[in-house]
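Engineer:
Protein chains: 2
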Amino acid sequence: MSAQSGDVALREQGNAFMPRFDSAGLITAVAQDAATGAVLMVAFMDAEALAATRRTGLAHFHSRSRGRLWMKGETSGHVLRVQDILVDCDQDALVLQVTPAGPACHTGAPTCFYRRLEGEELARVEPAPVA
Amino acid sequence: MSAQSGDVALREQGNAFMPRFDSAGLITAVAQDAATGAVLMVAFMDAEALAATRRTGLAHFHSRSRGRLWMKGETSGHVLRVQDILVDCDQDALVLQVTPAGPACHTGAPTCFYRRLEGEELARVEPAPVA
Chain A
4 MSAQSGDVAL REQGNAFMPR FDSAGLITAV AQDAATGAVL MVAFMDAEAL AATRRTGLAH
64 FHSRSRGRLW MKGETSGHVL RVQDILVDCD QDALVLQVTP AGPACHTGAP TCFYRRLEGE
124 ELARVEPAPV A
Chain B
4 MSAQSGDVAL REQGNAFMPR FDSAGLITAV AQDAATGAVL MVAFMDAEAL AATRRTGLAH
64 FHSRSRGRLW MKGETSGHVL RVQDILVDCD QDALVLQVTP AGPACHTGAP TCFYRRLEGE
124 ELARVEPAPV A
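These protein sequence lines are chains A and B, in that order.
Just so we're aligned, residue 4 is where the first sequence starts under this note's numbering, counting upward by one.
Just so we're aligned, residue 4 is where the second sequence starts under this note's numbering, counting upward by one.
Here it is as structure tokens:
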């Protein structure tokens, strides 16, 4: 077995957590409602955000636009309590199974994925939030 | 309203599909089992992969490592039939709700997310596939 295939086997089949950050130091994180299975949001974590998430049990991400750590809900109070962290085969993506404290989207929608493609247009799949 | 906030409102609340590719020309795509809600895999699409997915109804992605378009299942036959495409608030991530034709992971697992973090280690959450 070559060193490289050994590395792949270890990463895919082993029990060591070896998160693979990309060239920008980020890993993709999908927040999924632990109760309903709905995908709530997709964001990125750097090592700092991952460590903060594991330490506090609340989802933290790295904002690419603001260039800093942020806790989801730090302003709105709509934190995401992490029940489980799933890791994919090549360890470059995470699924956070969470219990949301409120609407996950900053627009007030329960999930950021409140629209679906219908032909060439978008249509709402979630009722609009009460203003 | 400034031009910028107008753009944001249009992107977040409008019915125009305006996918926002990143500086590498990519958008994050999460494949979710339409029947079970399980997150199957996370990958990236460029405009070509998105167009191929919409045209064929089968999930296509852009491989960053191979630098080319690929259809999920092109080798294994385990294609992902796309039932719905959900779009997030700022249109930089997609959820493909799919019907998988077989195990979604190249390892043979039903989903790429077959392990969870337990303390400092990973533990399998899906039974190992039959060899």
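Glycine residues also receive a C-beta, built at the ideal position from the N, C-alpha and C atoms.
Can you tell me which of the three DSSP states serine 66/A falls into?
Structural biologist: Translated into positions along the first sequence, residue 66/A becomes position 63. Three-state DSSP puts serine 66/A in a strand.
Engineer: Since threonine 31/B meets chain A, which of its residues come closer than 7 Å, beta carbon to beta carbon?
Structural biologist: Position 28 of the second sequence, counted from the first residue, corresponds to residue 31/B. Thr31, Val45, listed in chain order.
Engineer: Taking the continuous beta strand (DSSP E) assigned at leucine 53/B, which residues delimit it?
Structural biologist: Translated into the one-based positions of the second sequence, residue 53/B becomes position 50. Here leucine 53/B belongs to no beta strand (DSSP E); instead the alpha helix (DSSP H) covers 50 to 59.
Engineer: Tell me whether the beta-carbon of glutamine 16/A lies closer than 7 Å to the beta-carbon of valine 98/A.
Structural biologist: Within the first sequence, numbered from 1, the residue matching residue 16/A stands at position 13. Within the first sequence, numbered from 1, the residue matching residue 98/A stands at position 95. Contact: no.
Engineer: I'd like the list of long-range same chain contacts for leucine 72/A, defined as Cβ closer than 7 Å, with 5 residues on each side in sequence excluded.
Structural biologist: Reading the first sequence from its first residue, position 69 is the one you call residue 72/A. Correct list, in chain order: Glu51, Ala52, Ala55, His63, His65.
Engineer: May I ask which residues mark the beginning and end of the beta strand (DSSP E) holding leucine 90/B?
Structural biologist: As a working mapping, residue 90/B is identified with position 87 in the second sequence. It should be pointed out that residue 90/B corresponds to valine in this sequence rather than to leucine. Its beta strand (DSSP E) spans residues 83 to 90.
Engineer: Is there a Cβ of chain B sitting closer than 7 Å to that of alanine 27/A, yes or no?
Structural biologist: Residue mapping note: residue 27/A aligns to position 24 of the first sequence, counting from 1. Taking Cβ atoms only, chain B never reaches closer than 7 Å to alanine 27/A, which makes this a no.
Engineer: Does any heavy atom of the ligand FAD sit closer than 6 Å to the C-beta of glutamine 94/B?
Structural biologist: Only the bare structure without any ligand can be found here, which leaves the ligand FAD out of the picture.
Engineer: Look up leucine 13/A in the DSSP assignment and say whether it is helix, strand or coil.
Structural biologist: As a first step, residue 13/A is located in the first sequence; it is residue number 10 there, counting from the start. Leucine 13/A falls in the helix class under three-state DSSP.
Engineer: Flag glutamate 77/B as yes if its beta-carbon sits less than 7 Å from any beta-carbon of chain A, otherwise no.
Structural biologist: Indexing the second sequence from 1 puts residue 77/B at position 74. It does not; no Cβ of chain A falls within 7 Å.
Engineer: Listing by chain order, which chain A residues have their CB less than 9 Å from the CB of histidine 63/B?
Structural biologist: Looking up residue 63/B in the second sequence gives position 60. Here the premise fails: no neighbours, minimum Cβ distance about 15 Å.
Engineer: Give a yes or no on contact between the region 19 to 36 of chain B and the region 74 to 84 of chain A, applying the rule of three or more CB pairs nearer than 8 Å.
Structural biologist: no
Engineer: Report the partner residues of leucine 72/A according to the DSSP bridge assignment.
Structural biologist: Looking up residue 72/A in the first sequence gives position 69. DSSP output for leucine 72/A lists His65/A as bridge partner(s).
Engineer: For threonine 102/A, report the span of its beta strand (DSSP E) as first-last.
Structural biologist: Working through the first sequence from its first residue, we reach residue 102/A at position 99. 96 to 103 is the span of the beta strand (DSSP E), which, as asked, contains threonine 102/A.
Engineer: Nearest to arginine 119/B by alpha carbon, out of Arg57/A, Val11/A, Val42/A?
Structural biologist: Position 116 of the second sequence holds residue 119/B. Of the listed residues, the one whose Cα sits closest to arginine 119/B is Arg57/A.
Engineer: Rounded to whole angstroms, what is the Cα-Cα separation between isoleucine 30/B and glycine 9/A?
Structural biologist: Your numbering for residue 30/B matches position 27 in the second sequence. Your numbering for residue 9/A matches position 6 in the first sequence. Using only the alpha carbons, I get a separation of about 31 Å.
Engineer: Going along the region 95 to 118 of chain B in order, which residues come within less than 9 Å of chain D, judged by CB to CB distance?
Structural biologist: No chain D is part of this structure, whose protein chains are labelled A and B.
Engineer: Determine the closest residue to threonine 110/B out of Ala12/B, Leu43/B, Met21/B, with distance taken between C-alpha atoms.
Structural biologist: If you number the second sequence from 1, residue 110/B lands on position 107. The shortest C-alpha separation from threonine 110/B is found at Leu43/B.
Engineer: Within 7 Å (strictly less), CB to CB, does leucine 13/B reach chain A?
Structural biologist: As a first step, residue 13/B must be located in the second sequence, where it is residue number 10. Cβ-Cβ to chain A under 7 Å: no for leucine 13/B.
Engineer: Please compile the residues from chain B whose C-beta is within a distance smaller than 7 Å of the C-beta of glycine 40/A.
Structural biologist: Within the first sequence, numbered from 1, the residue matching residue 40/A stands at position 37. Near glycine 40/A (Cβ distances below 7 Å), the residues of chain B are Gly40.
Engineer: Between which residues of its own chain and methionine 4/B is the CB-CB distance below 6 Å, once the five residues before and five after are set aside?
Structural biologist: By 1-based counting over the second sequence, the position of residue 4/B is 1. With a pLDDT of 47 at methionine 4/B, under the threshold of 50, the modelled position of that residue is not reliable, and no figure is offered here.
Engineer: Measuring alpha carbon to alpha carbon, tell me which of Gly105/B, Thr102/B, Asp95/B, Leu83/B ends up nearest phenylalanine 20/B.
Structural biologist: Position 17 of the second sequence holds residue 20/B. Nearest of Gly105/B, Thr102/B, Asp95/B, Leu83/B to phenylalanine 20/B, Cα basis: Asp95/B.
Engineer: For a quick check, are the C-beta atoms of alanine 41/A and threonine 114/A less than 7 Å apart?
Structural biologist: In the first sequence, counting from the first residue as 1, residue 41/A sits at position 38. In the first sequence, counting from the first residue as 1, residue 114/A sits at position 111. It is a contact, given that the beta carbons lie within the stated cut-off.
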